[in-house]
């Protein structure tokens, strides 16, 4: 089991132009730059898995999961120059972003 | 970085009775039973972290993050008796469930 003390930051991106393979590739390129943010403990860049039940959200383009050892590390990530540059350079590619920030339930 | 080959299964639960501390505790008890499903590689049970920006979804009660080595392990989890029993015994406690299944983007 992952440590319950982890801060789990999960972001889902929807493309402004869903059909554009070029924008899809560009946004992936952008999300990859985030891997270098030093305060991240671990991360995963995902796309929908192809599962399909009523409760499953399948319409997003990318999942960006970042795990942090502490809340402070996540705060540092938010203002890290790499993160700020990512938003500046790639925000025009997405129409919607949904973020779920979770900390251990017990 | 987490392995890009991981299958990331992230479930968010909303309580049918959001104000009920008893139901909150019961659902946590239920989600904890899922930890024992043998096909899970790693997992995390979360609650909203208290962050608050426009893009952040804060209204859910629990986040259940389960990581699997393969798609087949996730398939096995879906039909594992522990998982089926969880749904049978605890589904009355939630009003909404949203699932995001993601696999490595590259």
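Protein chains in written order, with the working numbering: chain E, 3 to 108; chain A, 3 to 108.
For every residue, glycine included, the Cβ atom is placed at its ideal position computed from N, Cα and C.
Proximity test, Cβ basis, 8 Å: residue 86 of chain E and chain A: no
Does the distance from the C-beta atom of residue 36 of chain A to that of residue 26 of chain A stay below 8 Å? no
Minimum C-alpha distance to residue 67 of chain A - residue among E:80, E:76, E:93 and E:46: E:46
Give every residue of the same chain whose Cβ lies closer than 7 Å to the Cβ of residue 98 of chain A, excluding the five residues on either side of it in the sequence, and list them in chain order. 16
Indicate the three-state DSSP secondary structure (helix, strand or coil) for residue 84 of chain A in the structure shown. helix
Does residue 6 of chain E pass the burial test, meaning 16 or more other C-beta atoms within 10 Å, or should it be called exposed? With fewer than 16 Cβ atoms within 10 Å of its Cβ, residue 6 of chain E is classed as exposed.
Starting from residue 95 of chain A, find everything on chain E with Cβ-Cβ shorter than 8 Å and list it in chain order. Neighbours of residue 95 of chain A on chain E: none; closest Cβ ~14 Å, over 8 Å.
Quick check: the stretch 49-65 of chain A against the stretch 77-85 of chain A, are there 3 or more CB pairs under 8 Å? no
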